[in-house]
Structures are given as structure tokens and as C-alpha cells.
Amino acid sequence: MKIKSFKTGIPPLDYALPGGFPLGGAVVIAGEPGSGKSVMVSNLSWNVLRSGGSVIYVNLDDSPDAIIELFTSFGWEPLKYIESRDFKIIDCFSFRLGRLRKSYPGVIAYERLDDMDAVIHDIYEAVSGIDKELKLVVIDSLNELMFRYEMGRVLEIVKTLRALISKGLGASLIMTLHTSTEALGELAAHLEYLVDGFAVTRVEPNMREMGIPLKQLMVRKMRGLPTNSFWIPYVITDEGITSVDTTKLALLLKQKLKEAQAFKVSLQGLQGEGKDRNQ
Ligand SMILES: Nc1ncnc2c1ncn2[C@@H]1O[C@H](COP(=O)(O)OP(=O)(O)OP(=O)(O)O)[C@@H](O)[C@H]1O
Ligand SMILES: [Mg+2]
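The structure is reproduced here in C-alpha cells:
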């Protein structure tokens, strides 16, 4: 059976997935902190909303405020979709703020987070309040679960989410994970087998050393769909995630090489002066 898929509208991701993103697949985006995972899932959410689908966004890492701010910083307008109930935020973060918590109509907020089954149940409940087709459920991120439960339980939760959302409801499920510790790396390795798709993000290590924080993504697997499985560079601009302008990158590299060359020459000059003084 042919897997249903859709174009994400995010150029580097569409390039990585020439056959599209699986509708009804469970996908993990893993990678180092700050590599753009939250921006990626927000961009995807926005593109789905704009194309007429609905989205449930389970935020475990930050407040709805922060999500709204992130969207707005790219010129996207989440509020009208929150109002029309096409964009449902399930807030599993702000209970920490106590009385300082802001409440938004339409945002489902938790008083505490000790029962993931309740969250899973609410995802299911949220679907019945949505008029348009539910196309995407975002979990940002799985890390919070690792702080709370042992790995077996986290894997069990992911299995349940996959069964309910991607197999039961036919929507795509995308989950982020930052892999900064060994235990998180181990979780990522288990998840890679469990889910339908697995993508990684990073800042290219050699470029980072040169002072160029070039972000890259690689889709390592996508069941039933073709992939271009190599590191694909991307940038985050005012408009969201887009492809790298290779001409600009080449100029930047040239400039950095020039700077390195000038530094080498001045260093040799200083060493020469030192030698002269010692003679
Ligand atoms: N409006 C914007 N314009 C340009 N770049 C932005 C904008 N907003 C965020 N960024 C960039 O996005 C990066 C942060 O991305 P993001 O929060 O998605 O990372 P992450 O992978 O989710 O990190 P973590 O694992 O810590 O959650 C930062 O490096 C920042 O420079
Ligand atoms: Mg994040």
C-alpha cells in the first residue's frame, strides 16, 4: 500500500524527503540543543495550519507565551488559529508558574504533570473539539519525560502515542528530543527502531570551529518513503527555516580563510620579532 504523504513547505526538509512527509507516521527529530528542532516543528505546524489542517501542540519545554512569541517572531499568526480551535496547545509547562501563569482561552493547561496517561487522554479529547482534519500532533520535547520516568516507561508512552495518533487517528506525530547526555543518546537509539521516521539536526562541527554556526539536518530513516540521507544545510531567517544560499556560504568561507591567513602571517611576524630579540 502506498503511504500517504505531504510536502512540508520547508525547503531543506522537502529536499531530504523527495516523496514527502508521511501522513500518519510517527517521526522523531533528535539533535543538540539550539540546533533548531523547536523552530522546525513550529514551522511545520504553521505550514499545516496555513494549508487548512489542524494541529495539536503538546509543549513540555516552554510556556504557550513562548510558542506564540516564537511564531510571531517569524511573522506567523498563531492567535487566530488558537481562537478558531485549529491550533490546540496542551500546556504541560506553565503549572510551574503557579499564580503567574497566563491563561489563554482554548489552551488546555495542566496543574501538574505526573500522569502522562491524562495528557494522552486529553490529546484524544482535543481531537473531538476540532472541526478541520487533524493533520499533525507535536510533542516538544520528549526530554521532560526522561526526567520523570525511567526509559522503559518513556518508550511505552511513545508506543502509545504512535498507536493512538498515527495509527488510530491517521495524523502525523512529530516528537523532538535533545541528545546532550549518554542516557538521552541511548533513548534516541531505541526510538530510532520504534518510530517510522528519524531525523537528526546539528551544527556542523568543522564550521563551528571556524565561527560559522551552520545548521544541518539528516533524515536517517522514513519507512516506506524515499530519502536523501545526507547532511543538508539550513538556515533560520526572519521567515523560518530555509535552504542555505551556497554563494553566500562560499563567500563567508573565503572571508574566514582570509582572516585565518592574515592571523597566521601576523603570528609568524611576532615569532620572527621574538627570535630577533633573543639573538
Ligand atoms: N526569529 C529568529 N530568527 C533567526 N533565528 C532564530 C529565530 N528564532 C530562533 N532562532 C535561532 O534558532 C535557534 C534555536 O532553535 P530551537 O529553539 O529550535 O533549538 P532546539 O533544537 O529546539 O533547542 P533545545 O534542544 O534547546 O530545545 C537559535 O540558534 C536561534 O539563533
Ligand atoms: Mg527546543
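Residue numbering for the sequence shown follows my numbering, beginning at 253 and increasing consecutively.
Ideal placement from N, C-alpha and C gives every residue a C-beta, glycine not left out.
Residue environment analysis places Ala502 among the exposed positions, since fewer than 16 neighbouring C-beta atoms fall within 10 angstroms of its C-beta. Three or more beta-carbon pairs separated by less than 8 Å link the stretch 376-392 to the stretch 416-424, which places the two stretches in contact. Our two residues, Tyr333 and Trp483, have alpha carbons roughly 34 Å apart in a direct line. In the displayed model, Pro330 falls within a helix according to three-state DSSP. When secondary structure is reduced to three states using DSSP, Met462 falls in the coil class, being assigned neither helix nor strand. CA-CA distance, Lys256 to Ile417, rounds to 15 Å.
Ranked by how close their Cα comes to the Cα of Glu491, the residues Asp266, Ser294, Glu434 and Glu396 have Ser294 in first place. With the rule of 3 Cβ pairs closer than 8 Å, the stretch 403-418 does not count as touching the stretch 317-326. When C-alpha distances from Arg351 are compared across Leu436, Glu363 and Leu331, the shortest belongs to Glu363. For Leu349, the closest of Pro316, Leu439, Val280 and Met292 by C-alpha to C-alpha distance is Pro316. For Asp313, the shortest separation between its Cβ and any heavy atom of ligand 1 lies below 7 Å. Counting other Cβ atoms within 10 Å of its Cβ, Gly305 reaches 16 or more and is therefore classed as buried. Buried is the label assigned to Asp343, since at least 16 other Cβ atoms lie within 10 Å of its Cβ. As the crow flies, the alpha-carbon of Asp374 is around 18 Å from that of Asp313. Proximity of the beta carbon of Phe326 to ligand 1 is indicated: a heavy atom of the ligand is located closer than 7 Å. Secondary structure note for Met474: it is in no alpha helix (DSSP H), and the uninterrupted beta strand (DSSP E) holding it is Lys467 to Met474.
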